[in-house]
Structures are given as structure tokens and as C-alpha cells.
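Heads up: the sequence shown begins at 1174 in our numbering, then just goes up one per residue. Quick reminder that beta carbons are idealized off the backbone N, C-alpha and C, glycines included.
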Amino acid sequence: ASVMVVSMMVIGAGAANFDDFSDKDEIVNKEAVSVLVELGVLAGKDDGSYDPTGIITRGEMAKIICVVLNKGQDPNLGTVNSNTYTDTVGHWAAPYIEYCTNLNIVAGKGDGTFAPNDTVTASEASKMLLVALGYNAQYESMIGANWAVATNVLANKNGLYDGLTLDVSAGLTRDNAAQMMYNALDAKVVAYDYSVIPSGDSVSAIATAKETGKTLLEDKFGAVKVTGVVVRNEFGSVDGTSPLDEGVTYINVTNYAKDGSDEQDKLSDGKYYVTTDLDLLGKSVSIYVKPGNSSLTTSATVLGSAMEGENTVVTLTSGSTSKDITARLKSEDMKVAGATYVTNYTEFDEFSASNYTVNGVEIVAIDNDDDGTAEYILQNFEVFGKVTSYNTKDDGTITVSASNVVSGYGFWDSDAKTYTKSAVKMDDSADVVGFEDVEKDNYVFAQEIGGKLYVQKAESVTGELTAYKAD
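And the structure:
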């Protein structure tokens, strides 16, 4: 489900997603590239790279704006019979260049040429994106000798350069182009109001651009950006409920009304078909969504993946009592009043002092709305111990004799200091994860999350003891 068909980005089959790019570590605007790749807007090159420093041409950018104005479809422009520019005759981008010229989106070099193969500057690209947002190039003085100044003023106003440090007169890289397009998706579309002013025997009209309330993404392509907090997914939850099915996430939406007063009320709290990781529980995320016909969020189509928002996270390790949690978080400028406490992403717990002082316990405080107060405080613990018995029958069990014991929780036998978990086949289990390489007498880390037991074999280190100190 593409937002735009960006020809200069789609070169060959290319990479399927951001993580496939061989040069992903060289990409500066990672979130922008990742989002647009997930949306189907960008792709890589045949060699598996993204080429973030590659430069875009003027002809390529002309096609981009035509596709945007045509709501994501390549317009049928036919054959150019009369070329405005001497150097566009027979050029693949000639129809797009003529289209943009007729709308005063682009102009030539002043000598009768367009230079379609020259690099496009950030100012030139911004002018095209601004027209896609509804701005009139003539009304906004984006033509003539000082077009670049007027364009850059308007581009800054609409946030097209947010997150970028660049020379607006220099060639635009693929990396920076991704960030500009990403910014444009969230910018507001405008329409013009006209005021008629009489003056003697004549009248004049003043055109004023006003925001329509819709973003470019919503207006042109019927999709919206949804922001909210992940409270449940396939791994666990922070609201005391059971985990969901694979590929489903429950999001408490924060950027749309939930009282029926907003057109996007159908995108309020609910289940969305998008995969999120365990560490996103309790955190704010953003997703791009195309609403469905019904009020059910599951009828909506999620474009791409969930992106983590501006969350503040403070992590405390063991070594203190629960009474000190508030003080320690306060020292990190994190308040806890009204926070929800959750243990191992499964259920609510009061965090007893005995639990917190055991090795292998961490406290994670999450502020997901930037108000300085934690919405969630998570107690995560894992046990370390020796596998004393297990079998691979359908009704088999795993028993871990642990050296650190959190009594009164889960499947703990506080007297025997063992952790026994019923399971189906160990090599293909819905209840046990990561046990394939574990054998009896191995030392392991074990943690129960969302009804599943996650087991990880502990690595051993062997060496020569050269010195020691008493006690």
C-alpha cells in the first residue's frame, strides 16, 4: 500500500525493508527511511544498498510531484507534442516536466533549457512538495528572482526541513529527501480563501492560504497517523489482561477523539493488526493507518510497522529496597504518583522489598507522554539456576533449581527453591521458548512472561585463577 510511487527511489527489485539495506548504518535519517520503505514509498538499489548519499535529479523530482498530485498514481499525460525546453525533447521525464511547468511548480534555467539530469536542490524539492500541500506558487511568490527565499520561508513554516541540517542550494541526497517527504506527510494541506477589495471603479482580490485540518497523507491517500500507547500484544500486557494473538497489538489512542466528535473516532482504542515487540509495552508508538469501512480498528489497514515515540525510560537495577524506588526515580527527574505497577509484563504487583533485593531484578519506569511522571513502572525479574530435570514428552516438565528465588510468584516452590513449568514438546512448544539447546545440568536464565517460560542458556567462561583476595 504505497503512499507515493517515487520513481527515483525504486531502482530495480531493491531491498524489502530497512534492515535489509547493506549500508543501513550509513543512513542518518533512519526513522524517515524506515517508515517510507515500510509504506512502499522507498526502495533500495539492485546491489542491496540504499545509497543515502546519492543525489536526485530534477527530472526525477518532477515525476514525484506529479504522482503526489495524482493521489499516488502515475498520471496518464500522453505524448508531449510541443516541448517548453530544448533539452527535454525525447527525455523520459518530459511529460512530468511539462505538467509541473504548467502549474508553475518548476521553471527552466532562463536560457530555454530545463536540465532534467542536473541535481535537484532542497529548495527546488521543497517548492514541489509545497505545491502538493496546496500552495499556489504564484500567490506565494515562489516564482521570479526571489523564489528560493519565499520557498524556504514557507518550507520552514511547514516543517519540511525539521531534523535536517543542509545547504538548501546544494543537491538533495536520497537520505535527506526521505526526511523531507516524511515531514511533508504530516504537514497540513491548505486551501485558499479569497477576499474581494473594491477600489474606486475596480476591485482586487487577496488570496489567503488556510489549513484544511488534514495532513498530506490523509488528504491525498486516505491514510492517517495514529499515536497511542501499547498496552497488550502477543508477548504480554501492562493492563492485567492476557496476551493477544500473534501480529495483534492493542493501542490506547491519544491523538484522536473518542467521543464521536472526530471523523477518526473509528481509530480510537482497540486492536490493530500490527506486530510490536515486548519492550514497546507501556510505551507510546505511532502507526500509519488506512481506516476501514467499519468502526472496528481491526478493519483498518496498518501501513508499515509501529514506530516508537518520544518515551522517557529510567531503568534501576537490584540493590535497593522498594521503599527507595520513588527516591531513586526522583533523582532521575521521574515522578511516580499514579503509576501502574506491573510484574513481568503479566500482572500487577506491589513490589515487595524482598523481591527487589534479589539479584536479577530490574525496575523500568516509563513516561510515555512527556509530563515527567511515569505511567508504568515495570518489575522484571529472571531466575538463574541449574536444570535438574526435564523430559521431552508431550506432558513434560522443566525443573530449574535456582540460586535466586522470588517467593510467592508464578510457579515458584519457595520451600524447594525450584521453578517447575509444564510444557508440551520442548523443541516445538507454545509454552517454552528457547529451550532447544538446553540440556540437563546446564545453567540457565529463566523468565515467565505472558504465560510462556523463556529460557536462555548461560554462557560459561573458563580461565586461570592468578590471584584472589580474602573475603
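Residue i, DSSP secondary structure in three states
i     : result
Y1355 : helix
M1315 : coil
T1385 : strand
E1621 : strand
Y1367 : strand
Y1334 : coil
I1184 : Bear in mind that the predicted position of I1184 carries a pLDDT of just 31, short of 50, making it unreliable; the figure below should be weighed with that in mind. DSSP places I1184 in coil when its eight states are reduced to three.
E1632 : coil
N1202 : coil
V1304 : helix
S1207 : helix
S1587 : With a pLDDT of only 41 at S1587, under 50, the local geometry of the prediction cannot be trusted, and the value read off the model is given with reservation. Correct three-state label for S1587: coil.
L1626 : strand
N1553 : strand
V1322 : helix
I1498 : helix
Per-residue burial, residue i [other beta carbons within 10 Å of its own, 16 or more giving buried]
i     : result
Q1620 : buried
D1392 : buried
G1477 : buried
G1307 : buried
A1512 : buried
P1225 : buried
D1644 : exposed
G1624 : exposed
M1181 : Caution is warranted here: a pLDDT of 33 is assigned to M1181, below 50, making its placement in the model unreliable, and the coordinate value is therefore given only provisionally. Flag for M1181 reads buried.
D1366 : exposed
N1356 : buried
F1191 : buried
K1218 : buried
A1328 : buried
Residues that residue i bridges to, as DSSP identifies them
i     : result
G1344 : T1294
M1480 : S1459
K1134 : A question about residue 1134 goes unanswered here, because the residues of the chain that appear run from 1174 up to 1644.
L1489 : I1536
K1508 : T1546
F1408 : DSSP output for F1408 lists no bridge partner at all.
V1376 : P1371
V1475 : V1462
V1605 : L1626
K1361 : T1388
Limits of the unbroken alpha helix (DSSP H) element including residue i
i     : result
V1397 : No alpha helix (DSSP H) contains V1397, which is instead part of the beta strand (DSSP E) from 1397-1405.
A1160 : Within the shown structure, residues of the chain are numbered from 1174 to 1644, placing residue 1160 beyond reach of any answer.
L1242 : 1231-1242
Start-to-end residues for the beta strand (DSSP E) that takes in residue i
i     : result
K1444 : 1443-1445
V1513 : First, the amino acid is wrong: residue 1513 is Thr here, not Val. Run containing T1513: 1513-1516, per the beta strand (DSSP E) assignment.
Y1423 : 1422-1426
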